[in-house]
Amino acid sequence: MQVFQQTCDSCDQLMIALKQNMTKEGVRQAYLEADSAFIYETRGHVDLTNIRVTFYSQTGAQTSVLTARGGSYNMRTNVMDARGNVVVVRSDGGRLTTSHLIYDQPRNEVKTDSAYTYVSAEREVQGSGFVSDPSFQNITSRNLRGRAGGFTLPNQ
């Protein structure tokens, strides 16, 4: 507990083993878990350690799981910023890795301006940023390169 006390000297609250449903209009979009949450009420800011976010479809089916070493959550905008060894694994086994990822809950989208790699049975691609829904069904990528199916993408 000593480590947490030193880290939380300026926080308003410290939560251990945080678990929180993230909903929109009564429908669960995601389930956030973190080892610890340092809450700063006046700033509307929460620092998180060892994050795990499970994303769900409109029908309640799990679509993907995000893990990261840490991050932050803005209580006013409902935007989570995951940092450090960010990994997103889709339900079909596809795996995305990056150093930084933003989950914008009101828009139900994930995005990054950082380099990323996505590997699945059909493709292995890299890019310098993207915007997508949490299930990675609708993705817009920047500087995409790699292999998809039996094809090598242009500009290789």
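Numbering (the numbering used here), first residue to last: 699 to 854. For every residue, glycine included, the Cβ atom is placed at its ideal position computed from N, Cα and C.
Separation of residue j from residue i, as counted between CA atoms
| i | j | result |
| --- | --- | --- |
| Gln-711 | Gly-844 | 45 Å |
| Arg-821 | Ala-846 | 4 Å |
| Ser-708 | Asn-776 | 22 Å |
| Ala-766 | Leu-842 | 23 Å |
| Gln-756 | Arg-726 | 8 Å |
| Thr-795 | Val-744 | 23 Å |
| Thr-810 | Met-720 | 20 Å |
Closest residue to residue i among the options (Cα-Cα distance)
| i | options | result |
| --- | --- | --- |
| Gly-758 | Ile-714, Ala-780, Asp-733 and Ser-789 | Ser-789 |
| Gly-782 | Val-808, Pro-804 and Ser-812 | Ser-812 |
| Leu-746 | Ser-770, Phe-828 and Val-817 | Ser-770 |
| Ile-800 | Gly-724, Ala-819, Ala-780 and Ser-826 | Ala-780 |
| Ala-735 | Asp-802, Gly-827, Met-778 and Ser-755 | Met-778 |
| Ala-819 | Thr-721, Pro-832 and Arg-793 | Arg-793 |
| Val-786 | Asn-772, Phe-753 and Met-773 | Phe-753 |
Beta bridge counterpart(s) of residue i as assigned by DSSP
| i | result |
| --- | --- |
| Met-720 | Ala-728 |
| Met-778 | Tyr-771 and Tyr-801 |
| Phe-736 | Leu-712 and Asp-745 |
| Glu-822 | Val-817 and Arg-845 |
| Ser-839 | Phe-828 |
| Gln-760 | Tyr-754 |
Min CB distance residue i to chain D below 7 Å
| i | result |
| --- | --- |
| Thr-795 | Among the chains of the structure shown, chain D does not appear; only one protein chain is present. |
Cβ-based burial, residue i [other Cβ within 10 Å; buried from 16]
| i | result |
| --- | --- |
| Pro-804 | exposed |
| Val-701 | Bear in mind that a pLDDT of 43 at Val-701, under 50, signals an unreliable position, so the number given afterwards is only what the model happens to contain. When all chains shown are included, Val-701 counts as exposed. |
| Val-808 | buried |
| Ala-715 | exposed |
| Gly-724 | exposed |
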